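Undergrad: If you scroll down you'll find the structure; I have some questions about it.
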Amino acid sequence: MKLKRGTGNVFRDLGFGREEAANLKMRAMLMVELEKYIRAQRLTQRQAAERFGVTQPRISDLVRGKIGLFSVDTLIAMLSQAGVTVDIRVKQTAA
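Note that my numbering gives residue 78 to position 76 of the sequence shown, counting from 1, and the numbers run on in steps of one.
Right, dumping it as structure tokens:
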């Protein structure tokens, strides 16, 4: 078996285009932060829904990893509702 060095973005490695892979990676990272917040605060799905300003089924989708149901904007808004600040770092990458 031959190993290939990854790009640092699992979605890119899976064959997604550069833009879509970057978007998926950002959404995945935001979803992980929301899940960590829920666990750290020991919130039920209902409590998390109230804190984030969404419904309990949306929290269920979040914890089940249904990435296609969430936009970057939605995830940032949910974090903001809980008083969490999102900092974005932009850097130049090789073409």
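We put the CB at the ideal spot given by N, CA and C, even for glycine.
Computed from a prediction, not measured in an experiment: that's the story for all the values here.
For Glu37, which residues from the same chain have a beta carbon less than 8 Å from its beta carbon, with the 5 sequence-adjacent residues on both sides left out?
TA: Taken in chain order, the residues that qualify are Leu64 and Val65.
Undergrad: Note down the Cα distance separating Leu81 from Met33, rounded to an integer number of angstroms.
TA: Distance between the alpha carbons of Leu81 and Met33: 9 Å.
Undergrad: Span of the alpha helix (DSSP H) holding Arg60?
TA: Taken as a continuous stretch (DSSP letters only), the alpha helix (DSSP H) holding Arg60 covers Gln58 to Val65.
Undergrad: Would you grab the beta carbon distance between Gln2 and Phe54 for me? Rounded to a whole angstrom, and I think it's under 8 Å.
TA: Residue 2 lies beyond the residue range present for the chain, which begins at 3 and ends at 97; the question has no answer from this structure.
Undergrad: Pull up the distance between the alpha-carbon of Leu45 and that of Ala51, whole angstroms please.
TA: One C-alpha to the other measures close to 9 Å.
Undergrad: Does Phe54 come out as helix, strand or coil in the three-state DSSP assignment?
TA: In this structure, Phe54 counts as helix in the three-state DSSP scheme.
Undergrad: What are the boundary residues of the alpha helix (DSSP H) that includes Val34?
TA: Arg20 to Ala42 is the extent of the alpha helix (DSSP H) around Val34.
Undergrad: According to DSSP, simplified to helix, strand and coil, what is Gly70?
TA: Looking at Gly70 - three-state DSSP - the assignment turns out to be helix.
Undergrad: Report yes if the C-beta distance between Ala30 and Ile61 is below 8 Å; otherwise report no.
TA: No, they are not a contact pair.
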